[in-house]
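Residue numbers 1190 to 1500, in my numbering, belong to the letters of the sequence shown in order. Single-structure report; data block below.
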Amino acid sequence: KFCPRKIEPLDTTHHTITSTTRKKQTKCVEDLKKKNKETANKKMSTHALLLDELSGFKDEGNTKLTVDVILESNQQLNAIGEYELDLQKKGIKTIENLGGTCDQFDSIDLSKNEIIKLEGFPKLKRLHTINLNENKIEKINGTNLSENVPKLEWLMLQNNKIRNLVDIDELGKMKRLRCVILKGNPVCALENYRAYCVYKLNDGLRMLDFERVYAKEREEAKKMFEGDDGKAAKAKTFTVGKRGGRDEEDEEEKDDESKKKKKGKKGKKHDEAELAKIKAAIANATTLEEITLLEKAMETGVLPSEYNKNE
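Written as structure tokens, this is what we have:
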């Protein structure tokens, strides 16, 4: 006879999962997900901080003016409707690679950088406005600008380090300048500075240091400087004093009269050869200390001993 085998019940104690263990497992999984998210967020935040630091270093450090910098900079219409390239606050020391603009801009803003020499412009026939305020410019290459930027009309050089009249002569090479801003430069402290600028710059100049240039002022400047190509009057500009111009003509005449009265009281006649030496020394002076010393020597008529030794 067929006798079926007795089937024993399956022992499932080690296979069953209680509700408490299931809860523990889900909690562990959730904790792991949270930790992964936190670590990912930390990595993203540190990466973002590094990018911010690098971008800050790029803006505040010494950036080389490359084509990439030009392409990444703002290009927009300015307040007067000119298409402008904004290169301010880039830490630029040298003007270079502006050929990367492809001569597409009416105005270039290079203010608040570290530029020392005004040169390095390629052929930019469209450009007519350059803003170089608040740099460290000491030298100007007028030939470079006159040949390569022929339509330049507005040149802003406020708060730089221009101290020599030779640089004003360089500006005279640009024949289409209508507005020049030199306010805040050491050269502005020289006597007759404004008159010399009006004389040297072209007849089309309409504004100098935010003040309009009038025809009468231009005539007075020509009378003052064109006699011997401006050498005698140019020597006077090396004395520290107020700016020359139409508004201070009466003050200059009063000063001349007071000087004559002082000379009459002293009753002394200065040696003409000695005065010529002093004038020559003033023309060759390079520092303000030398200028003030030689100015006093003009009153006494005696050249300081240190200049006699040099001769």
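The beta-carbon is built from N, C-alpha and C at its ideal position, and this holds for glycine as well.
Beta-carbon proximity check, residue i vs residue j, cutoff 8 Å
i, j, result
"residue 1284", "residue 1308", "yes"
"residue 1362", "residue 1393", "no"
"residue 1406", "residue 1368", "no"
"residue 1371", "residue 1346", "yes"
"residue 1483", "residue 1470", "yes"
"residue 1388", "residue 1414", "yes"
"residue 1320", "residue 1299", "yes"
"residue 1295", "residue 1272", "yes"
"residue 1390", "residue 1360", "yes"
"residue 1277", "residue 1253", "no"
"residue 1357", "residue 1338", "no"
"residue 1303", "residue 1281", "yes"
Contacts around residue i, its chain only, beta-carbon distance under 6 Å, and the 5 residues preceding and following it disregarded
i, result
"residue 1349", "1324, 1326, 1374"
"residue 1457", "With a pLDDT of 45 at residue 1457, under the threshold of 50, the modelled position of that residue is not reliable, and no figure is offered here."
"residue 1209", "none"
Neighbourhood of residue i by C-beta distance below 8 Å, restricted to the same chain and skipping five residues each side
i, result
"residue 1340", "1314, 1315, 1316, 1317, 1365"
"residue 1492", "1463, 1466, 1467, 1470, 1486"
"residue 1395", "1367, 1368, 1401, 1402"
"residue 1435", "Confidence is the limiting factor: at residue 1435 the pLDDT is only 36, short of 50, which leaves the residue's position unreliable and the question unanswerable from this model."
"residue 1227", "none"
"residue 1266", "1272, 1273"
"residue 1259", "1274, 1276, 1286, 1287, 1289, 1290"
Any C-beta of chain C under 8 Å from that of residue i
i, result
"residue 1326", "Looking at the structure shown, chain C is missing, and only one protein chain is on hand."
Nearest residue (CA-CA) to residue i, options the options
i, options, result
"residue 1354", "1370, 1385, 1342", "1385"
"residue 1329", "1305, 1336, 1271, 1264", "1305"
"residue 1335", "1312, 1321, 1352, 1320", "1312"
"residue 1289", "1337, 1265, 1255, 1299", "1255"
"residue 1292", "1410, 1299, 1274", "1274"
"residue 1322", "1338, 1351, 1310, 1259", "1351"
"residue 1263", "1297, 1270, 1282", "1297"
Segment limits, beta strand (DSSP E) that includes residue i
i, result
"residue 1368", "1368–1370"
"residue 1274", "1272–1275"
"residue 1297", "1296–1298"
"residue 1320", "1318–1320"
"residue 1354", "Note, residue 1354: premise wrong, no beta strand (DSSP E); alpha helix (DSSP H) at 1354–1360."
"residue 1344", "1343–1345"
The alpha helix (DSSP H) enclosing residue i, as first and last residue numbers
i, result
"residue 1335", "1331–1337"
"residue 1259", "1256–1261"
"residue 1464", "1461–1473"
Counterpart residues of residue i in DSSP-defined beta bridges
i, result
"residue 1306", "1328"
"residue 1401", "1396"
"residue 1266", "1272"
Sequence-distant residues of its chain with Cβ nearer than 7 Å to residue i (five each side left out)
i, result
"residue 1488", "none"
"residue 1310", "1284, 1287, 1333, 1334, 1337, 1338"
"residue 1461", "none"
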